[in-house]
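These notes concern the structure reproduced below.
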């Protein structure tokens with residue numbers, strides 16, 4: 011009998027006024043649970059994970075220098091999440107810093123800069139090669155005019171969950187890239203969904219091993235717009251076991267309900283697997 015608490019999860023989702031999709035995998039046993047895995051969702055900031063992966067791959071191959079200062083283009087300066095919009099416009103962060111800001115603080119300016127570097131065509135080809143062809147990029151961050159024209163970024167919970175599981179197993183792109191994505195996601199500042207009800211280890215550089223007893227390390231990446239709440243993550247237990255959750259929601263009448271549903275699903279999975 012499996013450990014993933016399907017009936018409790020279905021009960022949580024039945025009370026949600028909106029559309030939800032879910033992928034859960036216990037990486038130690040291979041057990042999975044998929045709910046609406048192929049429904050298309052606006053990606054929001056979750057799409058920043060494969061963008062970061064391609065940036066890291068490009069660095070490995072010598073296409074880019076992660077430690078070179080980078081001038082931020084005026085057209086890429088947008089509002090929304092992040093910190094660069096509040097800093098001196100003359101600041102020239104390295105690509106390494108931009109990549110970390112894109113994941114840790116979901117910085118939209120950093121993301122737009124990285125989008126220019128990797129390019130949409132190369133990104134789509136990368137996703138096809140890595141087995142996630144339904145990852146779609148059609149606009150930059152905060153480009154609401156593009157959304158009005160029907161252009162958006164899209165993901166599916168099933169495909170995304172499998173990518174997150176490969177990060178957990180260190181097989182997405184390669185071991186080094188997977189490991190760096192995991193370590194960066196461990197430093198996530200937005201912790202109000204998947205980790206919020208768990209006894210989590212507070213993130214800081216280097217805390218990717220030796221999880222204390224009774225606690226869990228969560229490496230996650232959120233995404234949201236009005237009526238849309240997502241979170242995906244890798245969870246590391248004290249005994250070294252890992253599991254992953256990718257939960258997407260849309261058409262929410264209340265965003266708080268979506269946030270709470272993600273947190274409750276995460277708690278039930280944790281209680282069952284830990």
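In this note's numbering, the protein residues as written are 11 to 284.
C-beta: ideal position from N, C-alpha, C; glycine also.
Predicted, not measured: the structure shown is a model, and the values here were computed from it.
Contact check, residue i vs residue j under 8 Å by CB: the rounded distance?
| i | j | result |
| --- | --- | --- |
| residue 253 | residue 37 | 6 Å |
| residue 190 | residue 111 | Going by Cβ atoms, the distance from residue 190 to residue 111 rounds to 15 Å, so no, they are not a contact pair. |
| residue 80 | residue 108 | 6 Å |
Can you pull the DSSP bridge partners for residue i?
| i | result |
| --- | --- |
| residue 9 | It is not possible to answer for residue 9, since the shown part of the chain is limited to 11 through 284. |
| residue 243 | 230 and 255 |
| residue 79 | 104 |
Decide if residue i is buried, meaning its Cβ has at least 16 other Cβ atoms within 10 Å, or exposed.
| i | result |
| --- | --- |
| residue 20 | exposed |
| residue 47 | buried |
| residue 123 | buried |
| residue 78 | exposed |
Which value, in whole angstroms, describes the spacing of the CA atoms of residue i and residue j?
| i | j | result |
| --- | --- | --- |
| residue 263 | residue 23 | 14 Å |
| residue 141 | residue 208 | 31 Å |
| residue 7 | residue 188 | No answer is possible for residue 7: the residues shown for the chain start at 11 and end at 284. |
| residue 68 | residue 18 | 42 Å |
| residue 94 | residue 30 | 32 Å |
| residue 14 | residue 167 | 17 Å |
| residue 34 | residue 100 | 43 Å |
| residue 89 | residue 57 | 18 Å |
| residue 251 | residue 171 | 17 Å |
On the DSSP letters alone, give me the boundaries of the alpha helix (DSSP H) that residue i sits inside.
| i | result |
| --- | --- |
| residue 157 | 154 to 158 |
| residue 193 | 185 to 195 |
| residue 250 | Residue 250 -> no alpha helix (DSSP H), and no H or E assigned at all. |
| residue 67 | 58 to 70 |
| residue 111 | 105 to 114 |
| residue 137 | 130 to 139 |
| residue 277 | 265 to 283 |
| residue 21 | 16 to 24 |
Return the first residue and the last residue of the beta strand (DSSP E) that residue i is part of.
| i | result |
| --- | --- |
| residue 34 | 29 to 36 |
| residue 44 | 42 to 45 |
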